[in-house]
Structure formats: C-alpha cells, structure tokens
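**Student:** Protein chains in written order, with the working numbering: chain F, 2 to 372; chain G, 2 to 372.
Glycine residues also receive a C-beta, built at the ideal position from the N, C-alpha and C atoms.
Got a structure here, written out as structure tokens. Questions coming.
There are 2 protein chains.
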Amino acid sequence: MALSDLSGRLLLGPGPSPVSPRILQAMATETLGHLDPQFLGLLDEVNEGLRRLFGTQNPTTFPVSGTGSAGMEAALVNLLEPGDTAIVGVKGVFGTRLAEMARRQGATVVTVEGDWGRPLEPQRLVDAHREHPDARLLALVHAETSTGVRQPLEEVGRALQDSETLFVVDAVTSLAGMPVEVDRVGVDVCYAGTQKCLGVPPGLAPITFSNRAMDRIRSREHPVSSWYLDVNLIAGYLGSERRYHHTAPINLIYALYEALGEIREEGLEARFRRHREVGRRLQDELEDRGFEPFAGPPEARLPQLTAVSLPGGRDEGVVRRRLLDEHGIEVGGGLGPAQGRIWRIGLMGHGARHPVIDRLLEAVDRVLPQS
Amino acid sequence: MALSDLSGRLLLGPGPSPVSPRILQAMATETLGHLDPQFLGLLDEVNEGLRRLFGTQNPTTFPVSGTGSAGMEAALVNLLEPGDTAIVGVKGVFGTRLAEMARRQGATVVTVEGDWGRPLEPQRLVDAHREHPDARLLALVHAETSTGVRQPLEEVGRALQDSETLFVVDAVTSLAGMPVEVDRVGVDVCYAGTQKCLGVPPGLAPITFSNRAMDRIRSREHPVSSWYLDVNLIAGYLGSERRYHHTAPINLIYALYEALGEIREEGLEARFRRHREVGRRLQDELEDRGFEPFAGPPEARLPQLTAVSLPGGRDEGVVRRRLLDEHGIEVGGGLGPAQGRIWRIGLMGHGARHPVIDRLLEAVDRVLPQS
Chain F
2 MALSDLSGRL LLGPGPSPVS PRILQAMATE TLGHLDPQFL GLLDEVNEGL
52 RRLFGTQNPT TFPVSGTGSA GMEAALVNLL EPGDTAIVGV KGVFGTRLAE
102 MARRQGATVV TVEGDWGRPL EPQRLVDAHR EHPDARLLAL VHAETSTGVR
152 QPLEEVGRAL QDSETLFVVD AVTSLAGMPV EVDRVGVDVC YAGTQKCLGV
202 PPGLAPITFS NRAMDRIRSR EHPVSSWYLD VNLIAGYLGS ERRYHHTAPI
252 NLIYALYEAL GEIREEGLEA RFRRHREVGR RLQDELEDRG FEPFAGPPEA
302 RLPQLTAVSL PGGRDEGVVR RRLLDEHGIE VGGGLGPAQG RIWRIGLMGH
352 GARHPVIDRL LEAVDRVLPQ S
Chain G
2 MALSDLSGRL LLGPGPSPVS PRILQAMATE TLGHLDPQFL GLLDEVNEGL
52 RRLFGTQNPT TFPVSGTGSA GMEAALVNLL EPGDTAIVGV KGVFGTRLAE
102 MARRQGATVV TVEGDWGRPL EPQRLVDAHR EHPDARLLAL VHAETSTGVR
152 QPLEEVGRAL QDSETLFVVD AVTSLAGMPV EVDRVGVDVC YAGTQKCLGV
202 PPGLAPITFS NRAMDRIRSR EHPVSSWYLD VNLIAGYLGS ERRYHHTAPI
252 NLIYALYEAL GEIREEGLEA RFRRHREVGR RLQDELEDRG FEPFAGPPEA
302 RLPQLTAVSL PGGRDEGVVR RRLLDEHGIE VGGGLGPAQG RIWRIGLMGH
352 GARHPVIDRL LEAVDRVLPQ S
C-alpha cells in the first residue's frame, strides 16, 4: 500500500491531535546533522519557546527524544534513587503510570488515590506531604488524559515551596492548551508531549528542570539508571560544550520549531481562550444530546479533553467504530475502569476549532439515532 | 528564521545520512492515531520489513520509539538484572557506551578491550565467555561508528549457541548497509538506528528479540527498570491484544515504511553491493590523495563509514569546517582518543552513490591545498 492511499482522519481522540499542513510540511525539510551550527541554533530557539510555554526561566528546558511517556520517565529516573519516597496522586491512568515508574526506580511510593473523574482534594496531598516530609518528590498529573479532569496545583506548590520535596507535574495534555505556570506555581520538573495541544506529531517530550532539581540530580549517590534519559549528559549536548550525546530526532524538532512559531503568532492567551471556548461549546452541545459528563465538578472539566458517557446506554465501541469507518472521525474510548463506558474527545491544537465541532456533531447526529 | 532558509547540507558524516525526497515527503503524510486500524496494519508491515533486514523470524521485532541509543538501552535494560554479569567488547565509543549502560543496570561488566581502529580477536571473546560461562549476555558492536571497523560475529555466535549467555549485537551502522544475519549467526538481541544506512531521519531504533531472549525476560526476578522500554509492555501493543502502551511516533514510522519500500525495490543484495562499491572507491581515492586509513586491516574497514587521518598533519577541524561552510558538506570528526585526529566519512543509504563521492572529492581537492 502507498502512504498516499491512507484515508485521512479527523483526529478527535485523546491524541495525537490533527497536525496543520504547515507543521506537516516542516517535517519534510531536509535533515541536518545534530551538530550542525544551523541545527544547534534552531534547537536553542526551540528551548526558548518551550520556556515561554512552561512559564519558566529554567535553563534546563529541552525536548526529550521520545514520546510523552519518555518525558515522564526522564522526570522520575533523574530525581529518584533507590530507597527514596515518592508521593503520587492517582486518579487515572497517568497517575497510575507515575506510581509504577517510581516503583521501578526502587522508590517507596505513597499514593494518594481518588475517584476517576474527580480532582484530588489538595489538602489530602498536603497532608500526605506532612506525613512524609522527607519525600524526594510529589507528582501530580495536571490534565488527566484518561478522565478529562484538571487538577489544581497551586496549593500543593505553596506547601512544597520551602520543603525538601520536589514538585513534579505531568503537563502532557495541558501544555499549549492552558496555562502551565511552572515558576509561579513552584513546579520543579514539568514534562509534556508534542501530540496534544502543541499539534506536533508524537515523538518528543518537552521537559523543564528547576535549578533546585538540577542541584539534587548533581548530588545523587547512584548514577541515573537510564543513560539515554540522564539529564546531566543531555545538558552537556544542549549547553555550551555541545558534547555529543545521542542523535536528536532532527525532523521532529523542525515540526516543534514550526509549532512554536504558530503559537507565537497566535499568542498564548488567544490560544488558551480558543481551547476554552470550543471545549465549553462541545460540552454544552453534547449535554443537549443526552451525553453525560464523566468528569466533574464543572470547573474541573478540561476544555481540551471531554470525557462523556453515551445517551441511552449505547455500546460506545460500536458507535465509535462507525464514526471512524463512516465519517473518518477518531474519538477515543475509555481506559482502565472507564473502558467501554466513555468517549474521550480531544479538541487540541489545530483541532480546537468550531468547524471541527460542526463536523463531529453532524456525524454524531447521523450515527447515534441508528445505533 | 524560516525553515526554508536553512542551507541544505550533503550529509557525509557518521549519521544522520541524506534522506531521499521520497522519504522526506512520507514524513509529511497526515498523522493517524496510534490505534487506527490503518496505522496498525502499516506497523505490521514495517515489522515484517525489519525482519527481512535483520535476517530473522523473531516475532518480537519492532521500532523502538527513540534513537539508536534508546535501542541499545532497550536491549540491556530488558536482559540485565542487578548482579548479572555482562561481557562487553570495547574498541570504540559504542562499546564503551554499552559497558556504561550495563553498569547502570547493576551488572558486573567484564570488558574485553582492544585498540581503537582494530576489530577484537574473536578468540579473546570466546575465552572471556569460557571464564564467565554464567554471563547473562555478551555484547558486541558490529559496525563501530567511532572507528569505521567491522567486527566479525560468527565465531562468537557459534561459541554462545549452546550456552546460557545471550548474544547482543549493535547493528546501528550496519543494518541495511551490509548483511546482518541475526538467525544464521545466532544473535539474540540486535538493534539499529534509522539515520544511517536506512536513510530515515533519526528517532527510531529497530530492534529484534529472539524467543530465547523473550523467555528469559519473562522469567526475570525484578521488573525492567525502564517502563518506557519494557519489551513485555511494548509487545502487548504490537501483539494481537493491541493494548495501548505509549503513542508511537507515527510520522517517523511513515518514513521507515517508505524506506523499507525503497529497499525492497532496490533489493538487499544490490543495496549491499552499492554500499561496498562506493565505500571501496572512496577509500582508494582518499589514499591516492595521501589520507591514511585509521581502521584496519583492510578487510575490517567498513565501506559505509570511512575513518581517515588527513595528509600532511593538517588540522582536521579547520578543513572540516571549511568543507561545511564553503561547500555545504558535512563530514564527522573523531571521538574519544581519535578526537582531532581523524575524519569519519559516511556513505550511507541515499548518500552511498558515485555522484556524491564526486562532489566530495571536488570539494576536498579545492580545500585541502589551501589548508
């Protein structure tokens, strides 16, 4: 089969999100060497653009050469040593994954668990930290992709500020879609993926480390278990030495560069507003049709990722497959305990536009009555 | 700066290699979801194509979502547990890296070291295995990118065949440029990168695990330290369950798909011959100009990667920079003890063509007399 024979899809799942023609074309730019002065200049600009998105001055800010989960792993393997305690908020798949990765580093993991579909009460996290003040880190998912819930960060950030515990935040589905204010909130390590609100194909994980986090990493007793994700080594490539570490995914970085240009032109505030407005409209329109929101309370619902159960107890899998096959629209199913119970609809990046909602609703209105 | 303002380069370093227009354009194909039936079908074809290149029937064959070094890490983290012994052949940067990664997994590393620029005597590796018959693995770099040396594998493969020790081979710079006969030689885990003889931009690491290796991995005592690279979890996504693990780098996989198509059309034998012929010609032409081969004996010189010192004690860095700035040609410098002493010239994938050599030699003939 030729790639040109693939049927195009409107990507309205939990990611990857639709990629604009301009960013797709950026991927086709001729490959440069990873030590070429032109490429290194581009990478410096990318890192500067990522700082703006993360809301940080952290010098150690760059795209990890892997997908969002590699960003999660990079955060944990660099911060944790065997025997450390890690406090992890768990209320969906990605909190569960954080806990699992932390355990694999030999950490003692204290989970603060909550209902899938609800944010964790910040006071419970603050209390867990009071019980484990020596914890090396406390990790939270800002925008839980498996449930569509937004987790408040500020209270926890304040509580950790003057402690020894580093604050780790998963911004995979929030970065470039809503404010992620690393420095203001007091986050030490924050990572994301490119295939959500950034609108870049999957394969890179923007990440930032505070100076406080870097100091801790430099005074580790054991080497980082992953050579590939060791931020000390990566910083040698990104820093003034430009020491070869591994070959960066050049063409994906072109796409990220182009996306950061698009975002600068649109303006961050306008981009956040766009995500907010289309998300609210979609949620209203779906409620009008009898869909029920999975996430709540209302102010905790992510605009960029809407989790809903279908009206009238319909089989979500059957309807979802018809949307794909008959209308070329991809929406996501549920994960874990929500499997078979919900849809997850992403309006992210280039997909967060009103005509996209029109097309989705038209298809839903055709498929639903017959299902 | 716009990406279209970047100056094109002729990539004749140790990778990335030049990417053909057809493969570049494949990257710009509209992104599909990682669970889309069309994408999963494509991925099955990619894995089948990789089996042909690796010369294997191993079901567990796929592209790791990271660059070549992530492939190396995937091999080691899955096979090694704390306290295991690993025998590693070291005669260049990538053998050194293998040893370093193995140590980070808590393994006791036995190195068999040799001169940079020479292959290791197979008998020395067989002897090391006789001394450490309980070693979990023996790892060798097939084509050492830092020195241009080809390492013979067959004798070691035979010696390990009926032992408990798994044979790990780094084929980053050999795959698709010379035969890598995993099943015939008796290799258990073999990995590569896409940005060398495959001619695909960096960002993926094809890998294959023998059934024997998979059995060992399934009976591990400790979980794999890396969640991202855990082959048990990745196999769940690739296998019939299609269980979500992480979001694959879709557009890079398009490029790999296209490259495998190009290779099928050319034929593997013809491709190997092409690499052999252009490499031999370049090496002859450079010797005529007073360059001295770094690697030897002659039969151990990789055709796809030529390491040479410059005639007349010229400063390699100055001449190399002039090639880049005045002629848009990238060649590589030396690494480690060879830093400042050699050039590394890659003729890989789309770059392994006679007109490319013509262009390089014309530039060398202009720059060298003035340097």
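Residues in the same chain with beta-carbon distance under 7 angstroms from Val319/F, minus the five sequence neighbours each way, listed in chain order, please.
**Tutor:** Here the question's residue 319/F lines up with position 318 in the first sequence. So the qualifying residues of the chain are Ser372.
**Student:** If contact means a Cβ-Cβ distance below 9 angstroms, which residues of the stretch 224-258 of chain F contact chain G?
**Tutor:** Here the close residues are Pro224, Val225, Ser226, Ser227, Trp228, Tyr229, Leu230, Asp231, Tyr245, His246, His247, Thr248, Ala249, Pro250, Ile251, Asn252, Leu253, Tyr255, Ala256, Tyr258.
**Student:** Verify the CB distance criterion: does Thr109/G have a CB-CB separation below 9 angstroms to chain F?
**Tutor:** As a working note, residue 109/G is residue 108 in the second sequence. Not one chain F Cβ lies under 9 angstroms of Thr109/G.
**Student:** In the DSSP assignment, the beta strand (DSSP E) including Glu377/G goes from what residue to what residue?
**Tutor:** There is simply no residue 377/G to check, as chain G begins at 2 and stops at 372 in what is shown.
**Student:** Taking buried to mean at least 16 other C-beta atoms within 10 Å of its own C-beta, is His276/G buried or exposed?
**Tutor:** Taking the second sequence and counting its residues from 1, one reaches residue 276/G at position 275. Buried.
**Student:** Starting from Met349/G, find everything on chain F with Cβ-Cβ shorter than 8 angstroms and list it in chain order.
**Tutor:** Looking up residue 349/G in the second sequence gives position 348. Result: empty, since nearest Cβ-Cβ is about 12 angstroms, beyond 8 angstroms.
**Student:** Buried or exposed: where does Asp171/F fall if 16 or more other Cβ atoms within 10 Å of its Cβ makes it buried?
**Tutor:** Numbered from its first residue, the first sequence carries residue 171/F at position 170. When all chains shown are included, Asp171/F counts as buried.
**Student:** Do Arg125/F and Val150/F have their CB atoms nearer than 9 angstroms?
**Tutor:** The residue given as residue 125/F occupies position 124 in the first sequence. The residue given as residue 150/F occupies position 149 in the first sequence. Not closer than 9 angstroms, so no.
**Student:** Identify whether Ile208/F lies in helix, strand or coil by the three-state DSSP scheme.
**Tutor:** For the purposes of this step, residue 208/F is identified with residue 207 of the first sequence, where counting begins at 1. Strand at Ile208/F.
**Student:** In the DSSP output, which residue or residues are listed as bridge partners for Cys198/F?
**Tutor:** Against the first sequence, residue 198/F aligns to sequence position 197. Answer is none; Cys198/F lacks a bridge partner.
**Student:** Whole angstroms are fine: how far does the CA of Tyr238/F sit from the CA of Pro38/F?
**Tutor:** Residue 38/F sits at position 37 when you count from the first residue of the first sequence. Residue 238/F sits at position 237 when you count from the first residue of the first sequence. Each residue's Cα considered, the two are about 13 angstroms apart.
**Student:** Expressed to the nearest angstrom, what Euclidean distance is found between the alpha-carbon atoms of Gly240/G and Arg367/G?
**Tutor:** Counted from its first residue, the second sequence places residue 240/G at position 239. Counted from its first residue, the second sequence places residue 367/G at position 366. So the alpha carbons of these two residues sit roughly 55 angstroms apart.
**Student:** With a threshold of 8 angstroms on Cβ separation, who are the neighbours of Pro83/G within its own chain once the five nearest residues in sequence on each side are excluded?
**Tutor:** Reading the second sequence from its first residue, position 82 is the one you call residue 83/G. Gln106, Gly107, Ala108, His223, listed in sequence order.
**Student:** Less than 9 angstroms between the beta carbons of Tyr258/F and Leu43/F, yes or no?
**Tutor:** Here residue 258/F refers to the residue found at position 257 when the first sequence is read from its first residue. Here residue 43/F refers to the residue found at position 42 when the first sequence is read from its first residue. Yes, the Cβ-Cβ distance between Tyr258/F and Leu43/F is below 9 angstroms.
**Student:** Enumerate in chain order the residues of its own chain whose CB-to-CB distance from Gly337/G is below 6 angstroms, with the five nearest sequence positions on each side excluded.
**Tutor:** The sequence position of residue 337/G within the second sequence is 336, counting from 1. Excluding positions up to five away in sequence, the list reads Val94.
**Student:** Check Arg23/G in the structure and name its three-state DSSP category.
**Tutor:** Numbered from its first residue, the second sequence carries residue 23/G at position 22. Note: Arg23/G maps to helix in three-state DSSP.
**Student:** Taking the alpha-carbon positions, what's the Arg104/F to Asp116/F distance?
**Tutor:** What you label residue 104/F is simply residue 103 of the first sequence in a count that begins at 1. What you label residue 116/F is simply residue 115 of the first sequence in a count that begins at 1. Going by the C-alpha atoms only, they are around 22 angstroms apart.
**Student:** So what does Glu331/G bridge to, in DSSP terms?
**Tutor:** Reading the second sequence from its first residue, position 330 is the one you call residue 331/G. For Glu331/G, which the question treats as bridged, DSSP gives the partners Leu12/G.
**Student:** Which residue comes first and which comes last in the beta strand (DSSP E) that contains Thr307/F?
**Tutor:** Within the first sequence, residue 307/F is the residue found at index 306, counting from 1. Taken as a continuous stretch (DSSP letters only), the beta strand (DSSP E) holding Thr307/F covers 306-310.
**Student:** Could you compute how far the alpha carbon of Thr68/G sits from the alpha carbon of Phe55/F?
**Tutor:** Taking the first residue of the second sequence as position 1, residue 68/G is located at position 67. Taking the first residue of the first sequence as position 1, residue 55/F is located at position 54. So the two alpha carbons sit approximately 25 angstroms from each other.
**Student:** Using alpha carbons as the reference points, say which of Gly9/G, Val111/G, Ser147/G lies closest to Glu132/G.
**Tutor:** The sequence position of residue 132/G within the second sequence is 131, counting from 1. When only C-alpha atoms are compared, the closest one is Val111/G.
**Student:** With distances taken from CA atoms, which of Glu331/G, Val169/G, Gly262/G is nearest Thr46/G?
**Tutor:** One-based indexing of the second sequence puts residue 46/G at position 45. In the sequence on display, residue 46/G carries Glu and not Thr. Looking at the Cα atoms, Gly262/G is the closest of the given residues.
**Student:** Hey, does Asp289/F have any beta-carbon neighbour from chain G nearer than 9 angstroms?
**Tutor:** In the first sequence, the residue the question calls residue 289/F occupies position 288. Judged by the 9 angstroms Cβ criterion, Asp289/F is not in contact with chain G.
**Student:** Hey, Ile330/F and Leu283/F: beta-carbon distance below 9 angstroms or not?
**Tutor:** Sequence index remark: in the first sequence, residue 330/F carries index 329 (1-based). Sequence index remark: in the first sequence, residue 283/F carries index 282 (1-based). Contact flag unset, no.
**Student:** If you measure from the beta carbon of Met28/G to each beta carbon in chain F, is any gap under 9 angstroms?
**Tutor:** Residue mapping note: residue 28/G aligns to position 27 of the second sequence, counting from 1. Closer than 9 angstroms: yes.
**Student:** Please state the DSSP three-state secondary structure of Thr97/G.
**Tutor:** As a working note, residue 97/G is residue 96 in the second sequence. Helix at Thr97/G.
**Student:** For Thr32/G and chain F, any beta-carbon pair shorter than 9 angstroms?
**Tutor:** Start at 1 with the first residue of the second sequence, and residue 32/G comes out as number 31. For Thr32/G, the answer is yes, since a Cβ of chain F falls inside 9 angstroms of its Cβ.
**Student:** Rank Pro17/F, Gly9/F, Leu12/F, Ala3/F by C-alpha distance to the C-alpha of Pro202/F and give the top, closest one.
**Tutor:** Translated into the one-based positions of the first sequence, residue 202/F becomes position 201. That would be Pro17/F, whose Cα lies nearest to the Cα of Pro202/F.
**Student:** I believe Arg1/G touches Gly34/F by the beta-carbon criterion, under 8 angstroms. Please report the beta-carbon distance rounded to the nearest angstrom.
**Tutor:** Because residue 1/G is not part of the residues shown, which for chain G are 2 to 372, the question remains open.
**Student:** Val173/G to Asn252/F, Cα distance in whole Å?
**Tutor:** The residue labelled residue 173/G in the question sits at position 172 within the second sequence. The residue labelled residue 252/F in the question sits at position 251 within the first sequence. Each residue's Cα considered, the two are about 19 angstroms apart.
**Student:** Decide if Arg272/F is buried, meaning its Cβ has at least 16 other Cβ atoms within 10 Å, or exposed.
**Tutor:** Within the first sequence, residue 272/F is the residue found at index 271, counting from 1. Looking at its Cβ environment, which holds 16 or more other Cβ atoms inside 10 Å, Arg272/F is buried.
**Student:** Are the beta-carbon atoms of Ala260/F and Ser70/F separated by less than 9 angstroms?
**Tutor:** Within the first sequence, the letter at position 259 stands for residue 260/F. Within the first sequence, the letter at position 69 stands for residue 70/F. In this structure, Ser70/F does not lie closer than 9 angstroms to Ala260/F by Cβ.
**Student:** Could you run through the stretch 189-207 of chain F and flag, in chain order, every residue whose CB is less than 8 angstroms away from some CB of chain G?
**Tutor:** Residues passing the 8 angstroms Cβ filter: Gly194, Gln196, Pro202, Pro203, Gly204.
**Student:** Skipping 5 residues on each side, what residues in its chain have a beta carbon closer than 8 angstroms to that of Val113/G?
**Tutor:** Reading the second sequence from its first residue, position 112 is the one you call residue 113/G. Ile88, Val89, Gly90, Val91, Leu121, Arg125, Leu126, Ala129, listed in sequence order.
**Student:** Does the Cβ-Cβ distance between Pro423/F and Gly280/F come in under 9 angstroms?
**Tutor:** This structure gives no information on residue 423/F, because the portion of chain F shown stretches from 2 to 372.
**Student:** Determine whether the Cβ of Arg98/G lies closer than 9 angstroms to any Cβ atom of chain F.
**Tutor:** Numbered from 1 along the second sequence, position 97 holds the residue referred to as residue 98/G. With 9 angstroms as the cut-off, Arg98/G counts as an interface residue toward chain F.
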